[in-house]
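Each remark here refers to the structure printed beneath this line.
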Amino acid sequence: EFVNISELFNYILNRFDMIIANDDAPEKTYSIHREIPKSGIWVELDPSKFTQVIDNLMNNAIKYSPDGGVITTRLVDKQKEVILSITDQGLGIPAKDVDHVFDRFFRVDKARSRAQGGTGLGLAISKEIVERFGGRIWVESIEGKGSTFYIALPYEPYELEDEDDWND
Ligand code: ATP
Ligand code: MG
438 EFVNISELFN YILNRFDMII ANDDAPEKTY SIHREIPKSG IWVELDPSKF
488 TQVIDNLMNN AIKYSPDGGV ITTRLVDKQK EVILSITDQG LGIPAKDVDH
538 VFDRFFRVDK ARSRAQGGTG LGLAISKEIV ERFGGRIWVE SIEGKGSTFY
588 IALPYEPYEL EDEDDWND
């Protein structure tokens, strides 16, 4: 299925804004900053699977940011590829662990992570899904400062057809 990636990304993030707006559950204060231009980028993917990936990245950004903070979301058109990113101001990931966070059941700090709940499968599943769409997922992180998770998805740039084609 082809989806407008800017619209879908915004739609998923709207649900996290609604969680913030819920005064009954002010578990954590965070705010989402968006740099998501409107675009005519259509990507072939399964929207519910893609939602699962963004949900996990957003939940991680919140879960591993003790003080909440600002979560910055971006969409950058690279022509033939669109890059989405989610940046938090949280714990970050130690350099020695960065290469392992996409491994099944890997968790940076076993004790801390256990207290936070979860299985350590979220990123392994996310990687599988993104790669099935023909994309890539990776992270850049500085311990104690925060992390940015990136997703690159391929797409076919829309080409204007000759007017004749429209009249056929
Ligand atoms: P699950 O997603 O299955 O509920 P989880 O969040 O622990 O559990 P993953 O999403 O796979 O599992 O993440 C793996 C580990 O990578 C986490 O346990 C955490 O240690 C680290 N991690 C993931 N995202 C971040 C982040 N944004 N900041 C700091 N550490 C992170
Ligand atoms: Mg997770």
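Residue numbers for the sequence shown follow full-length UniProt numbering, so the first one is 438 and each next one is one higher.
A virtual CB, placed ideally from N, CA and C, is assigned to each residue, including glycine.
Here the structure is a predicted model, which means the values were calculated and not measured.
Quick one: what does DSSP say residue i is sitting in, helix, strand or coil?
i	result
THR488	helix
VAL440	strand
ARG544	coil
VAL480	strand
residue 380	What is shown of the chain runs 438 to 605, which leaves residue 380 out entirely.
ILE530	coil
VAL535	helix
Could you spell out where the beta strand (DSSP E) holding residue i opens and where it closes?
i	result
GLY506	506-514
ALA589	583-591
SER578	573-579
VAL519	518-524
SER468	467-472
For residue i versus residue j, is the C-beta spacing smaller than 8 Å?
i	j	result
SER476	SER443	yes
SER563	ILE574	yes
ILE469	ASP492	no
TYR587	ILE478	no
PRO474	LEU512	yes
VAL480	VAL440	yes
PHE542	GLY559	no
Straight-line CA distance for residue i to residue j?
i	j	result
VAL545	LEU528	10 Å
ASP483	LEU590	12 Å
HIS537	ILE456	30 Å
LEU514	THR466	The residue you asked about is not Leu; residue 514 is Asp in the sequence shown. So the alpha carbons of these two residues sit roughly 30 Å apart.
GLN516	ALA561	27 Å
THR510	LYS533	26 Å
VAL576	THR488	18 Å
GLY506	TYR448	21 Å
GLU438	GLY572	15 Å
ILE566	SER578	22 Å
ILE520	LEU450	16 Å
PHE570	ARG452	23 Å
GLY581	GLN526	8 Å
THR524	ILE508	6 Å
PRO594	GLU568	20 Å
ASP540	ARG471	29 Å
ILE530	GLU596	41 Å
Grab the span of the alpha helix (DSSP H) containing residue i for me, first residue to last.
i	result
SER476	Element bounds for SER476: n/a, residue is neither H nor E.
VAL567	559-569
Is residue i near the ligand ADP, going by C-beta to nearest heavy atom under 7 Å?
i	result
VAL567	Ligands displayed in this structure: the ligand ATP and the ligand MG; the ligand ADP is not among them.
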